[in-house]
Amino acid sequence: MDRTERSREQYRKLFGDGEPPMQTTDPELQDILNRFIFGEVAYRGDMDNKMRELLTVTVLTVNQTLPQLKAHIHGALNAGAAPEEVKETLYQCTPYIGFPKTINAVITANEVFDERGIKYPLAHQGTVNEDTRFEKGLAVQTEIFGSVIGNMRENAPQNQKHIQDYLSAMCFGDFYTRQVLDLKQRELITLCAIAALGGADSQVKSHVQGNVNVGNSKETIITALTQCLPYIGFPRTLNALNCLNEIIPE
Numbered sequence: 001m002d003r004t005e006r007s008r009e010q011y012r013k014l015f016g017d018g019e020p021p022m023q024t025t026d027p028e029l030q031d032i033l034n035r036f037i038f039g040e041v042a043y044r045g046d047m048d049n050k051m052r053e054l055l056t057v058t059v060l061t062v063n064q065t066l067p068q069l070k071a072h073i074h075g076a077l078n079a080g081a082a083p084e085e086v087k088e089t090l091y092q093c094t095p096y097i098g099f100p101k102t103i104n105a106v107i108t109a110n111e112v113f114d115e116r117g118i119k120y121p122l123a124h125q126g127t128v129n130e131d132t133r134f135e136k137g138l139a140v141q142t143e144i145f146g147s148v149i150g151n152m153r154e155n156a157p158q159n160q161k162h163i164q165d166y167l168s169a170m171c172f173g174d175f176y177t178r179q180v181l182d183l184k185q186r187e188l189i190t191l192c193a194i195a196a197l198g199g200a201d202s203q204v205k206s207h208v209q210g211n212v213n214v215g216n217s218k219e220t221i222i223t224a225l226t227q228c229l230p231y232i233g234f235p236r237t238l239n240a241l242n243c244l245n246e247i248i249p250e
């Protein structure tokens, strides 16, 4: 199949037989988009459609491009993602983009759930409480990043140690310890979210190493960043690839 045929096949899998509105108003742009995203990028690397769509949902959440997010939440569900996997992907973005943007994305997801007859709130997925969130968060953080976490906490200025505590308890305790998504998925989602932000090369490098530590290969990371490319553009993708190559040289 050529790019056009592949794009039609992939588009149908994710969105059905309809056509996007831009096909009527701006068909040339839509054709370029379809052939690149669905006829080329979607076939690069060994990653199933469900994970591709969850990563796309991640980037669109970071970007706050809510109309496209709504379409790709449908796409993720059509690709086999459970409603819980969609919600956990959105929740996982919170420490990196802040609560307001996550809430916007969750509202969009709930609109999709309403359209599809999916009842919510979904089942409780948290595994920590007020007494354990810091301890368990720090344990997960150390599992992913190793001794660097202890050094980072020890070397933090006294008037900034509370930020390190928040990082362990909130980012890792409240979110990374949740059920449904495993550490490999959460680290890949996190890396794509930070890459989409731009200007956070230090954190990109840290989470490249985190991905490697939890078992994601360089090829998996390249595939994930390739999936992000149409939604974040070449500059941020190339910056993320530079970080990747610095941590894992060819």
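In this text, residue positions in the sequence shown follow UniProt numbering: the first is 1, and each later residue adds one. C-beta: ideal position from N, C-alpha, C; glycine also. All values reported here derive from a predicted model rather than from experimental measurement.
Specify the secondary structure class of residue i as computed by DSSP and reduced to three states.
i    : result
A71  : helix
Y120 : coil
C228 : helix
S206 : helix
I248 : coil
C93  : coil
L181 : coil
G198 : coil
R44  : coil
P235 : helix
N129 : coil
E19  : coil
Please tell me whether residue i and residue j are closer than 8 Å, where the distance is taken between their beta carbons.
i    : j    : result
G210 : E246 : no
M22  : T223 : no
L55  : E84  : no
F38  : Y11  : yes
E40  : G75  : no
T65  : K101 : no
I248 : V212 : yes
Thinking residue i and residue j are a contact (beta carbons under 8 Å), I'd like their distance in whole angstroms, please.
i    : j    : result
L244 : I221 : 6 Å
Y120 : N110 : 6 Å
V112 : I73  : 5 Å
V140 : F99  : That belief does not hold up - the Cβ atoms of V140 and F99 are roughly 21 Å apart, past 8 Å.
Q92  : F15  : That pair is no contact at about 24 Å.
L225 : A200 : Not confirmed; about 14 Å, so no contact.
T58  : I189 : 5 Å
I107 : A193 : Actually they do not touch by this definition, with Cβ atoms about 18 Å apart.
R153 : Q164 : 5 Å
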